[in-house]
Amino acid sequence: MSSPAPARPARGSRTQRTVDSMMRALLRSPLHRPLSGKLLIVTVIGRKTGRRIPIPVAYAEHEGTLLIGTSAAWRRNLRPGVPVEVTLRGRVVHADWDIVSDEERAAALYKVLLAKNATHGRFVQIALEPDGEVNRTDLRRALDRGVVVLRLCPRTN
């Protein structure tokens, strides 16, 4: 069974906005290297405002894709067929995307995500079993709460 999620500031809190602002600045600077192996910036366009919204998120690389586990509302700003802008290792690239929310595919991708970033598992309350497989009960509960895997496929042009 997984342990409860650690306390963290709500996305809209002043503390979280301050941390996000610092992460964005660092990830865009020449000092990005210590953070770039675990964090990137996804920039979405607000549905209502049309504003660019840069969001620092944890990711894991897998078979040429970037995997992001999230339940955050910003993903609703993704538009079908429209690539997102990603700041990855100090460079801006565009990426095609898809959202994975079915249990079988999510289990396979969460196995990768959690093996590379165990901290994320505590936030979404999904644990790995001793054999390295995703705890399916935890995963089903997380999917029911709106957790998904955002899979980004960076364009090479």
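The opening residue of the sequence shown carries number -4 in our numbering; numbering runs sequentially from there. Idealized CB from N, CA, C, for every residue including glycine.
Coil, strand or helix - residue i by DSSP
i: D126; result: coil
i: R140; result: coil
i: R84; result: coil
i: D91; result: strand
i: Q11; result: helix
i: R46; result: coil
i: R150; result: coil
Cut-off 6 Å between Cβ atoms - residues of its own chain near residue i, not counting five sequence neighbours on either side
i: K106; result: V129
i: L83; result: L35
i: D91; result: P78, C148
i: E124; result: N130
Whole-angstrom C-beta distance between residue j and residue i, which should lie under 8 Å
i: E98; j: L62; result: With a Cβ gap of about 16 Å, E98 and L62 do not count as contacting.
i: H57; j: R150; result: No, H57 and R150 are not in contact; Cβ-Cβ is about 17 Å, not under 8 Å.
i: I36; j: R70; result: That belief does not hold up - the Cβ atoms of I36 and R70 are roughly 14 Å apart, past 8 Å.
i: I121; j: L104; result: Not really, about 11 Å apart at Cβ, beyond 8 Å.
i: E80; j: T38; result: 4 Å
Residues near residue i by beta carbon distance below 7 Å, same chain, minus five either side
i: G41; result: I48, N72
i: N112; result: K33, A53, A55
i: L203; result: The structure shown does not extend to residue 203, since the chain spans only -4 to 152, so no value can be given for it.
Residue i: first and last residue of the uninterrupted beta strand (DSSP E) it sits in
i: V77; result: Neither: V77 is in no beta strand (DSSP E) and is coded neither H nor E.
i: E56; result: 55 to 57
i: T60; result: 60 to 65
i: T38; result: 34 to 40
Residue i - containing alpha helix (DSSP H), residue span
i: T114; result: 113 to 119
Stretch pair the stretch 131 to 143 + the stretch 59 to 67: three plus CB contacts closer than 8 Å: Between the stretch 131 to 143 and the stretch 59 to 67 there are three or more inter-stretch CB-CB distances shorter than 8 Å, so the stretches are counted as touching.
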